[in-house]
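Visitor: Take this structure first; my questions come after.
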Amino acid sequence: MEKFKRALTVANILSTVIPLIKFTGRFNDVFGNPQKKSRWFIWGDSSSGKSSFIMQLIKEFAKTEKTILISKEEDLDDENLQDRLKLFQMQDVANNFNVIDDNVEQLINRLEQRNSAQVVVIDSVSYFFLGYTFEDYLNFRKRFKEKTLVFIGHAKGQNPKTDFEDRIKFDATQKVVVSGYLATNKGRKYGPNAKQFVVWQKGYEDLHGTQKH
Amino acid sequence: MEKKESPFEYHNDKLGAKIKFLIKSDKLVSSDEQSLKLISYRALYGRMKSKTQPERELRRASLGFDALVEFDSLVQEWRDALVFKFGKPAEKTRASFFEKHYVSDRKAFDFFAAHRYGEDNNKKLSPDTIELYTYNASVLNTILEVRQKRKLYAKSLGLTGQFDIWQSLSNDINAFQLVNHDLPTTKDSLRHKVNRYIKEGYSSIISKKFGTRNAAKVKDDQQSALIEVLLGKHQNLNNEQIVRHYNNVAGVFGWKLIDAGVIANKRKELDLFVFAGQHGETDLMHEKHMQIKRSKPSAAMLYWTMDGWDAELLYQKTTIDRNGNSVTTYHNRLTAVMIVDPFNYYIVGYAIGEKESPTLIRQALKNALKHTEELFGSKYKPYELQTDRYQIKNLTPTYEATALHFTPAKVKNKKSKVIEPFFDKFNEKHFQEQMVLNWSGHNVTANIENQVNDDYLAKHRHLFPDKHGCIKQIVEAIENERAEKVHGFVDSFLSFEEKTEMSLNQFLRTYGQITGHTNKMKGNGLTPTIEGQERAYDTFDMNFRKYMHEDWMVFYDTDDLSQILVSNAKGRDGRLIEEIGTMEFILQEKYIQPMALYDQQKGDTQQRQLVYDYNRRMNNEIILRGAQQREVLEDLFDSNPQLDTLKKLIIPDSLGQHKDQKATERLRKATERIAVKQEKREKVLEESSWQEAQTNYLKEKVNLNKYTNL
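Protein chains in written order, with this note's numbering: chain A, -9 to 203; chain B, 58 to 767.
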């Protein structure tokens, strides 16, 4: 007969040490220090400032963690990508940050290597899991449950565009919607000082008016 | 001082760092004196060309231009080092979205410069105003453009519901300092302004005070008269309501329509004429009429003024409610009716009760008159008494009896009385200043900051005195007040010549009470029952005893029962029906003599003697009067002898004797007889003496013929 798994007590859970990733500055204000095995879902309309937000988020992760960006939306030799890397001075975290163009199998293989990246940013899930089912997604994230997985989705209005993305949203531990150059933290964990992150100050002001300083 | 060279320079809108501030000098390239010396030129150049390194070349060196490396491509340590040493690179001033769209409006300037206003359209706007309005118009133009573009921009970003365009524009306007405009700072006012600008154009920016429209709209007398009448309506129509009425009429006559601003101005202009209609005569009197200033009386007792004052002292009262429970309340206050002489604000009289009533007022007046007696020996009337119009019909007889002249205050004119401010001072001086625990503050209309702390009062309510204690507090305050001023008051009155005393009769008649019964005088005096007790009164006035048959009604003063006033009245079975009032007497309470010799006291003899003397006087008077009456009758009977018998019967002498009278009669007859005889004798004597005189005369006559014959 199969052996039951040991049921955990409250004390067991409370005494578990949860490894955190250290965030600084505005990221800390909005998201606090996220735990290592978290799943992020970030969605936003086209040109809402989503990619810029992701690049800044990657930089924040890469300050302490080995981070990879799976860029499915942009080719690696795109000028946009280059500009964004320059704009956000990604050379500062060059040791911890890489951009790749893997498919699901390649990524699985890569992540199963020793010393593989702790943070995996997949831009975007619709392209990455194209032809895969939600079950495949679940298997994937269970397989790498110790890693920080950041999934990027598309949006229609304020909601994820597809059902697949919507289900990922429900599965995610941290949800962020980007709209009008403003990233809004929608749970489950909040930072101490704010809920919103201005992705691009100029774009934000062009749209929302210049704030009096 | 030499200007420090900056390592930062913009090139093609990108921030660069001068290489000479990063490298060490070598044979080919020399570094700046202040260089950070982080790397060799060769190594840096290599990195800039390498595909594996981030540093990128921004500009090659040429004559007058330094070589630049793209600042953003440097690693963080180097950027930080540069910033740390040379400070932050000056941010290239970047025009905001709004600024980029701002264009000055020349047409607006022309429009405002050409604007004329005033009654005759001959005033123009000041240069400052023209400038301000031009800026406002330019900014409004920009708002319209930015609004359009931003809407499209937001739409392109997929923003719809969660985006507030007016908030964004308001943010821009508040931050936009390039020109000196005065557009609204809140988004709703801004939206309102912009929408008016869309509808009305440049005119919407011009303030109403620079307009010509209002002045021109109401011009002729009929229009003004209509507005004035509407303003004066007692319903107090507001501006909008008047505008509707006016515009209805204007529609008929083809006048220009007006708005509420016109009425607001007219309301100010015509205030004096429409005030009475709006607020009533009383307010007109208080607010607009010329007020009379008065000097205080020159002497005491010239002018009394009286009013009731709700004493600002709380007391506790315990009552039993209908369920038989004891209920204590702490908010009770007393009313003191005071009579004050404004000569030196002396409190001449007062009465304290739970509320103002005619009874309380009478008590106060009575108290005042009695106080004059205490001060001056007799009750004196003031020359003038002024009161409010409370229960005026009921109280007028009392007031008129109390003073020589009674002048009620003009209807609703509180100012004619000086007593209200006196009460305020009295309250402050004797209760607030003395920190009386149960002091409840100034009257309710006073400033809230000056009022007493309610919480404190509530906490200490159990320490409040009861009604009796509260009365005592007020009386004590009044007595203290009196003590300060009494000398001045008395001195002034004593030196005053025209004093008017109030008789006891008048006092008792005005302030006394009646028993409701009639009494007759008997030997033991008049014995009315006053307040359930039979008392005996009498007077040494002899006249009163003459009317022992009359019924008398009794006026008495409960405070002093030693004297009463009686007035003749009709009664039935001892009950008073009505006063006849043709006679009145003051009676004194009878002195009670002890029956036993043992109880006799010193004054008793004296009192007894008074009665004896009185009785003796009465006897004498009766005797004297009897003698007088007889004299009168004797004349009557003497001239009518047929009444002789009656005379004998009814006219004894005062001692009841007739003998002397008979003798007198006898003598009279004898005298008459003698007189007749004597008359006859005198007649005979008279006749004989005539004959004799005739003879003697003839004898003495001379015969002349005798002498002629010689």
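Where is the CB? At the ideal position from N, CA and C, for every residue including glycine.
Which residues in chain A sit within 7 angstroms of B/N198, going by Cβ to Cβ distance?
Guide: For a Cβ distance threshold of 7 angstroms, nothing in chain A lies close to B/N198: the least Cβ distance comes to about 17 angstroms.
Visitor: Given a cut-off of 9 angstroms, decide if A/T152 and A/V109 are closer than it, judged by their beta-carbon atoms.
Guide: no
Visitor: Going along the chain, which residues of its own chain have a beta-carbon closer than 8 angstroms to the beta-carbon of B/S711, five neighbours each way excluded?
Guide: The predicted model places B/S711 with a pLDDT of 48, which falls under 50 and marks its position as unreliable, so this point remains unresolved.
Visitor: Please identify the residue among B/A317, B/E641 and B/R204 whose C-alpha is closest to the C-alpha of B/E297.
Guide: B/A317
Visitor: Opposite A/T57 in the DSSP bridges: which residues?
Guide: A/F87 and A/V109
Visitor: Whose C-beta lies closer than 8 angstroms to the C-beta of A/K62 among residues of the same chain, with five residues either side of it excluded?
Guide: Answer for A/K62: D91, I112, D113, S114, Y117 and F118, listed in chain order.
Visitor: CB-CB under 7 angstroms to A/E188, same chain, minus the five flanking residues each way: which ones, in chain order?
Guide: As written in the sequence, residue 188 of chain A is Val, which differs from the Glu given in the question. Same-chain partners within the cutoff: Y171, L172 and Y194.
Visitor: At a cut of 8 angstroms, does the segment 239 to 249 of chain B reach the segment 169 to 187 of chain B through at least three beta carbon pairs?
Guide: no
Visitor: Using a Cβ-Cβ cutoff of 8 angstroms, what residues of the segment 188 to 200 of chain A are near chain B? List them in chain order.
Guide: K192, E195, D196, L197, H198, G199 and T200
Visitor: At the 9 angstroms Cβ level, is A/S41 part of the contact set with chain B, yes or no?
Guide: no
Visitor: Could you compute how far the alpha carbon of B/N198 sits from the alpha carbon of B/T243?
Guide: 18 angstroms
Visitor: Just to confirm, is the Cβ distance from A/R100 to A/I58 under 9 angstroms?
Guide: It is a contact, given that the beta carbons lie within the stated cut-off.
Visitor: Any C-beta of chain B sitting closer than 9 angstroms to the C-beta of A/A184?
Guide: no
Visitor: Can you tell which of B/P64, B/N382 and B/F550 has its C-alpha closest to the C-alpha of B/K768?
Guide: The shown model of chain B, from 58 to 767, leaves out residue 768 of chain B, and the question about it has no answer.
Visitor: In terms of residue numbering, what span does the alpha helix (DSSP H) encompassing B/L426 cover?
Guide: P415 to F433
Visitor: Less than 9 angstroms separating the beta-carbons of B/L520 and B/L494?
Guide: One thing to note: B/L520 has its Cβ within 9 angstroms of the Cβ of B/L494.
Visitor: So, helix, strand or coil for B/F597, using DSSP?
Guide: Reduced to three states, the DSSP call for B/F597 is coil.
Visitor: In this structure, how does DSSP classify B/P354 when only helix, strand and coil are distinguished?
Guide: coil
Visitor: For a test of the three-state rule: what should DSSP assign to A/N129, helix, strand or coil?
Guide: helix
Visitor: For my contact list, B/Q620 and B/L561 are in at a C-beta cut-off of 8 angstroms; report their separation, rounded to the angstrom.
Guide: With a Cβ gap of about 6 angstroms, B/Q620 and B/L561 count as contacting.
Visitor: By a C-beta neighbour count over all protein chains shown, 10 Å radius and 16 as the cutoff for buried, is B/W609 buried or exposed?
Guide: Per the 10 Å Cβ criterion, buried.
Visitor: To the nearest angstrom, how far is the alpha carbon of B/V397 from that of B/S497?
Guide: 23 angstroms
Visitor: Step through the CB atoms of chain A and report whether any lies within less than 9 angstroms of the CB of B/E66.
Guide: no
Visitor: Could you tell me which residues DSSP pairs with A/H144 in its beta bridges?
Guide: A/G34
Visitor: Let me know the secondary structure DSSP gives B/A393 once reduced to three states.
Guide: strand
Visitor: DSSP state of B/Y591, grouped into three classes?
Guide: According to the sequence displayed, residue 591 of chain B carries Glu and not Tyr. Strand at B/E591.
Visitor: Looking at chain A, is there any beta carbon in it that lies within less than 9 angstroms of the beta carbon of B/S63?
Guide: Not one chain A Cβ lies under 9 angstroms of B/S63.
Visitor: Any residues in the segment 136 to 162 of chain A with a beta carbon nearer than 9 angstroms to a beta carbon of chain B? Which ones, in chain order?
Guide: A145, K146, G147 and Q148
Visitor: Taking CB distances under 9 angstroms as the criterion, tell me whether B/V236 reaches chain A.
Guide: no
Visitor: Please list, in chain order, all residues of the same chain as A/S41 whose beta carbon is under 7 angstroms from its beta carbon, the five residues on each side excluded.
Guide: R74
Visitor: Exposed or buried, A/L128, counting other C-beta atoms within 10 Å across all chains shown (16 or more means buried)?
Guide: exposed
Visitor: With a 10 Å radius around its C-beta and 16 neighbouring C-beta atoms as the bar for buried, classify B/K75 as buried or exposed.
Guide: buried
Visitor: Which one of B/K145, B/Y67 and B/F155 has the shortest CA to CA distance from B/F27?
Guide: For chain B, the structure presents residues 58 to 767; residue 27 of chain B sits outside this window and is missing.
Visitor: Can the beta-carbon of B/V196 be found closer than 9 angstroms to that of B/V236?
Guide: For B/V196 and B/V236, yes; Cβs fall inside 9 angstroms.
Visitor: Roughly how many angstroms separate the alpha carbons of B/S227 and A/G199, rounded to a whole number?
Guide: For B/S227 and A/G199, the distance between alpha carbons rounds to 8 angstroms.
Visitor: With the cut-off set at 9 angstroms, would you say B/M578 and B/M599 are in Cβ contact?
Guide: Their beta carbons are not under 9 angstroms apart, which means B/M578 does not touch B/M599 by this criterion.
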